[in-house]
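S.K.: Chains A and B are the protein sequences, given in the same order.
Note that my numbering numbers the first sequence so that position 41 is 41, with each residue one more than the last.
Note that my numbering numbers the second sequence so that position 78 is 1078, with each residue one more than the last.
Cβ coordinates follow ideal geometry from the N, Cα and C atoms, glycine included.
Protein chains: 2
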Amino acid sequence: MTTGFPPPGDEHAVLALERAALARWCRGDPSGFLELSDDDVGYFDPFRPRRIDGIVELTAYYEQLRGTINAVAWEVLEPRVVEIDDVAILTFCFRSWGASGAMVVWNCTEVYRRRPAGWRIAQTHWSFAAADTPS
Amino acid sequence: MTTGFPPPGDEHAVLALERAALARWCRGDPSGFLELSDDDVGYFDPFRPRRIDGIVELTAYYEQLRGTINAVAWEVLEPRVVEIDDVAILTFCFRSWGASGAMVVWNCTEVYRRRPAGWRIAQTHWSFAAADTPS
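#1: Between which two residues does the alpha helix (DSSP H) holding B/S1031 run?
#2: Return the chain-ordered list of same chain residues with a C-beta closer than 7 angstroms to the C-beta of B/T1002, the five sequence neighbours on each side being excluded.
#3: Could you list which residues in chain B have their beta carbon closer than 8 angstroms to that of A/P30, in chain order?
#4: Counting pairs of beta carbons, one from the region 50-64 of chain A and one from the region 1008-1022 of chain B, are three or more of them closer than 8 angstroms?
#5: Hey, A/P49 and B/D1132: beta-carbon distance below 7 angstroms or not?
#6: Expressed to the nearest angstrom, what Euclidean distance is found between the alpha-carbon atoms of B/P1116 and A/M103?
#7: Just checking: is the beta-carbon of A/T59 within a distance shorter than 7 angstroms of some beta-carbon in chain B?
#8: Closer than 7 angstroms, CB to CB, is B/A1130 near chain A or not?
#9: Hey, A/I52 and A/D39: beta-carbon distance below 7 angstroms or not?
#10: Taking the alpha helix (DSSP H) that A/E57 belongs to, which residues open and close that run?
#11: Using beta carbons (cut-off 7 angstroms, strictly below), is B/H1125 in contact with chain A?
#12: Residues in the same chain with beta-carbon distance under 7 angstroms from B/I1069, minus the five sequence neighbours each way, listed in chain order, please.
#13: Mind listing the chain C neighbours of A/G118? Cutoff is C-beta to C-beta under 8 angstroms, in chain order.
#14: Between A/I55 and chain B, is there a C-beta pair that is closer than 7 angstroms?
#15: So, does the CB of B/G1042 fall closer than 7 angstroms to a CB anywhere in chain A?
#16: Could you please give me the residues that DSSP links to B/N1107 through a beta bridge?
#17: Give the residues of chain A in contact with B/A1021, contact being defined as C-beta atoms less than 8 angstroms apart.
#18: If you measure from the beta carbon of B/S1135 to each beta carbon in chain A, is any gap under 7 angstroms?
#19: Could you work out which residues of chain A lie near B/A1122, taking near to mean beta carbons separated by less than 8 angstroms?
#20: Report the neighbours of B/E1078 on chain A: residues whose CB is nearer than 9 angstroms to its CB, in chain order.
#21: Taking the alpha-carbon positions, what's the A/V72 to A/N107 distance?
#22: Using 10 angstroms around the beta-carbon of B/G1032, count the other beta-carbons present and answer buried if the total reaches 16, otherwise exposed.
#23: Since I believe A/A130 is in contact with B/F1047 (beta carbons under 8 angstroms), could you give me their beta-carbon distance rounded to a whole number of angstroms?
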């Protein structure tokens, strides 16, 4: 098990940004993702019946969660970045462990766009992954 | 309830492509999505423990499903397209009804890229949406 640090030296910039935001998230701090998200961001997670549109609505949602998340360990598995013009599609599997030892496994798609100030998240999609049954 | 047809005349090209592929999918025919998917496509759904990478693996998976899907009605809700250079990020909520009347609600992110031959799917992410409880 790793915590995602230190990252491999040759990984894509958006993956390094994502890891840094995840590290903060897992300590209960959503500001890393808020700082990365575009004003026009779209957002899906399995707890919401609808997409969140825009940084104002996402901020309101994340502020409700501030201080409530505590993952004692986490890892990014099989990350992949496909860069197309000023867009970078980052996908990965994410595993995290709570203080009780319970593990959760996620699929994540993050679509980043290059803005003058740097990479920003245009679309986030988090969902639960299926159990990894031996085949 | 609508079946998604006829689509509004002013919708984005990728949404029209998606509706056409969904119509085939809901009749048990995955070829619409296979024809749209890029060679390098990435794919998440809630039944898979890992991302599918590439059209060969996706084809093998979809061929297992051919003829097994039968949605008697379906609708695309709140579609949104964000176009960035040669990329179009399509997100929507999808509801479908089986022959038993059971409804399933999904979140979907489709990242399309413009190829010389037309729009192709670079990344697909399907997941279950939360129940839409009154607030």
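M.R.: According to the structure shown:
#1: 1031-1036
#2: Note that B/T1002 has pLDDT 46, beneath the 50 cutoff, so the model's placement of it is unreliable and the number below is only indicative. When the five nearest sequence neighbours on each side are left out, the beta carbons in the same chain lying within less than 7 angstroms of the beta carbon of B/T1002 are those of E1075, in order along the chain.
#3: Result: empty, since nearest Cβ-Cβ is about 19 angstroms, beyond 8 angstroms.
#4: no
#5: yes
#6: Approximately 44 angstroms between the Cα atoms of the pair.
#7: no
#8: yes
#9: no
#10: 55-65
#11: True, the Cβ-Cβ gap to chain A drops below 7 angstroms.
#12: Answer for B/I1069: W1025, C1026, G1028, listed in chain order.
#13: Within the model displayed, chain C is absent; protein chains A and B are what it includes.
#14: no
#15: Chain A contact via Cβ: present.
#16: DSSP output for B/N1107 lists B/C1093, B/S1127 as bridge partner(s).
#17: In chain order: nothing, as chain A lies at least about 18 angstroms away.
#18: Residue confidence is low: B/S1135 scores 43 on pLDDT, short of 50, so the model does not pin down where it sits. No coordinate-derived value is stated.
#19: V82, I84, I89
#20: R50, R51, D53
#21: 19 angstroms
#22: buried
#23: 5 angstroms
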